[in-house]
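Student: I'd like to ask you about the structure that follows.
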Amino acid sequence: MLDRIKIKLQYWLPKIWLTRLAGWGADKRAGALTKLVISLFVRCYKVNMQEAQRPDLSAYATFNEFFVRPLRADARPIDPQADLVLPADGAISQLGRISAGKILQAKHHDYTLEALLAGNYLLADRFRDGQFATTYLSPSDYHRVHMPCDGVLREMIYVPGDLFSVNPLTAASVPNLFARNERIICLFDTDFGPMAQILVGATIVGSIETVWAGTVTPPREGIIKRWTWPAQGEEGAISLAKGAEMGRFKLGSTVINLFAAGRVRFAADLHSHSITRVGAPFAQAAAPVNTP
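Using the UniProt record's numbering, the first residue of the sequence shown is number 1, and each one after it goes up by one.
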């Protein structure tokens, strides 16, 4: 009964206004009040501040500064033996094959590749019968997102949408959740074929940023926006190394990775509910490399 009420509230509540209010508050410098809020958050969600570059809570002037805190250089070593490493701290929601153009969201729920990619059928064709992985970032997690492998950025698409929560309860209850929420689709050329890394918005996610564009949302203008970049070796190309930061959430959300058919094999120990840490093994090549 309580779960049903939680889901109903998400349909009724003004999620965009709540998100704007949370974003406004999280950016405010409120001195002792900010420190108190951060302290309560750390205690409530059992945040491990010993991993942070600045473990002292008084070092953060705003809640957002705390939330996107960088970790110590040695906190997330990048596995040199893994072809692809995990892009985010969190937990695997689902992973596996994109079957018949559909991606598994939760038991009894799936959504189409085309819907996730905002109806871009040509882009969807690049990942048909490929592999996907969905990583959920809880409030206690580190909220910077990193590159699974070396990649050259080719395209970024901002897709406006709703702002439902993306926690496991909502994923199991709201149809087409990830295809209806706001999201930023980042497409890379890699040695393992094309790779999409999609940053999904949610209730109270005040901002989504990338390292090359800064804040992408807000503003929330209700229109799809698209940017493109040159190929590797051309002037203006943007290359990111395996393990490098590529984006961040100001409050938690979800990362979805898409890979082309026959290009990668996920690590054998990864499954639904697996805990993830940036830099740990994600996948190995399933085909010869250097043929994107």
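A virtual CB, placed ideally from N, CA and C, is assigned to each residue, including glycine.
These numbers were taken from a predicted model, which means no experiment stands behind them.
Just list the residues that DSSP pairs Val36 with in beta bridges.
Tutor: Within the sequence shown, the letter at position 36 stands for residue 36. Inspection of the sequence shows that residue 36 is occupied by Leu rather than by Val. In the DSSP output, where bridge partners are listed per residue, Leu36 has none listed.
Student: Would you kindly work out how many angstroms separate the C-alpha atoms of Ser253 and Ser207, rounded to a whole number?
Tutor: What you label residue 253 is simply residue 253 of the sequence shown in a count that begins at 1. What you label residue 207 is simply residue 207 of the sequence shown in a count that begins at 1. Computed Cα separation, rounded: 11 Å.
Student: Quick check: the segment 253-264 against the segment 69-77, are there 3 or more CB pairs under 8 Å?
Tutor: Result no; under three Cβ-Cβ pairs closer than 8 Å.
Student: Considering just the uninterrupted stretch of the alpha helix (DSSP H) at Arg180, what are its terminal residues?
Tutor: Position 180 of the sequence shown, counted from the start, is the residue given in the question as residue 180. Leu177 to Arg180 is the extent of the alpha helix (DSSP H) around Arg180.
Student: Lys242: buried (16+ other C-beta within 10 angstroms of its C-beta) or exposed?
Tutor: Within the sequence shown, numbered from 1, the residue matching residue 242 stands at position 242. Its Cβ being crowded by 16 or more others within 10 Å, Lys242 is buried.
Student: Check the DSSP bridge columns for Tyr111 and list the partner residues they point to.
Tutor: Translated into positions along the sequence shown, residue 111 becomes position 111. In the DSSP output, where bridge partners are listed per residue, Tyr111 has Ile103.
Student: Out of Asn181, Ser239 and Glu235, state which residue places its alpha-carbon closest to the alpha-carbon of Ile224.
Tutor: As a working mapping, residue 224 is identified with position 224 in the sequence shown. The candidate whose alpha carbon is nearest that of Ile224 is Asn181.
Student: Would you tell me roughly how many angstroms separate the C-alpha atoms of Phe67 and Asp27, rounded to the nearest one?
Tutor: Within the sequence shown, residue 67 is the residue found at index 67, counting from 1. Within the sequence shown, residue 27 is the residue found at index 27, counting from 1. Going from the Cα of Phe67 to the Cα of Asp27 covers about 11 Å.
Student: What does a CB cutoff of less than 6 Å around Val159 pick up in its chain, not counting 5 residues either side in sequence?
Tutor: Position 159 of the sequence shown, counted from the first residue, corresponds to residue 159. Here the set comprises Ala118, Arg183 and Ile224.
Student: Give, in chain order, every unbroken run of the beta strand (DSSP E) that is at least 3 residues long and sits entirely within the segment 111-198.
Tutor: Runs of the beta strand (DSSP E) inside the segment 111-198: 131-136, 144-146, 151-159 and 183-190.
Student: For a test of the three-state rule: what should DSSP assign to Ser253, helix, strand or coil?
Tutor: Translated into positions along the sequence shown, residue 253 becomes position 253. Three-state result, Ser253: coil.
Student: In chain order, what residues of the same chain lie with their CB nearer than 8 Å to the CB of Leu95, ignoring the 5 residues before and after it?
Tutor: Residue 95 sits at position 95 when you count from the first residue of the sequence shown. Excluding positions up to five away in sequence, the list reads Gln131, Phe132, Ala133, Thr134, Phe266, Leu270, His271 and Ser272.
Student: Below 6 Å CB to CB, which residues in the same chain sit around Ile275 once its five sequence neighbours on both sides are set aside?
Tutor: Against the sequence shown, residue 275 aligns to sequence position 275. Closer than 6 Å at the Cβ level, and outside the excluded window around Ile275, lie Ala91.
Student: Tell me whether Asp56 is buried or exposed, calling it buried when 16 or more other Cβ atoms sit within 10 Å of its Cβ.
Tutor: Position 56 of the sequence shown holds residue 56. The residue is exposed, with fewer than 16 neighbouring Cβ atoms inside 10 Å.
Student: Note the first and the last residue of the continuous beta strand (DSSP E) segment covering Glu209.
Tutor: Your numbering for residue 209 matches position 209 in the sequence shown. Ser207 to Thr210 is the span of the beta strand (DSSP E), which, as asked, contains Glu209.
Student: Are the segment 139-158 and the segment 223-240 in contact at 8 Å, needing three or more beta carbon pairs?
Tutor: Short answer: they touch.
Student: Report the option in Ser99, Thr217, Ile103 and Leu84 whose CA atom is closest to the CA atom of Ser93.
Tutor: As a working note, residue 93 is residue 93 in the sequence shown. When each option's Cα is compared against that of Ser93, the closest is Ile103.
Student: If we count the other Cβ atoms within 10 Å of its Cβ and call it buried at 16 or more, is His108 buried or exposed?
Tutor: Along the sequence shown, one-based indexing puts residue 108 at 108. Exposed: under 16 other Cβ atoms inside 10 Å.
Student: So the beta strand (DSSP E) Ile92 belongs to, where does it begin and stop?
Tutor: Here residue 92 refers to the residue found at position 92 when the sequence shown is read from its first residue. Gly90 to Arg97 is the extent of the beta strand (DSSP E) around Ile92.
Student: Under a three-way DSSP split, which group does Ala52 fall into?
Tutor: Position 52 of the sequence shown, counted from the first residue, corresponds to residue 52. Correct three-state label for Ala52: strand.
Student: Leaving aside the five residues before and after Gln197 along the sequence, list all residues of the same chain whose C-beta is less than 6 Å from its C-beta, in chain order.
Tutor: For this step, residue 197 is matched to residue 197 along the sequence shown. Excluding residues within five positions, the ones whose Cβ falls inside 6 Å are Cys186 and Asn257.
Student: In this structure, how does DSSP classify Val42 when only helix, strand and coil are distinguished?
Tutor: The count along the sequence shown starts at 1 and reaches residue 42 at position 42. Three-state result, Val42: helix.
Student: With respect to the beta strand (DSSP E) encompassing Ala283, which residues constitute its N-terminal and C-terminal limits?
Tutor: By 1-based counting over the sequence shown, the position of residue 283 is 283. Start and end: Pro281 to Ala285.
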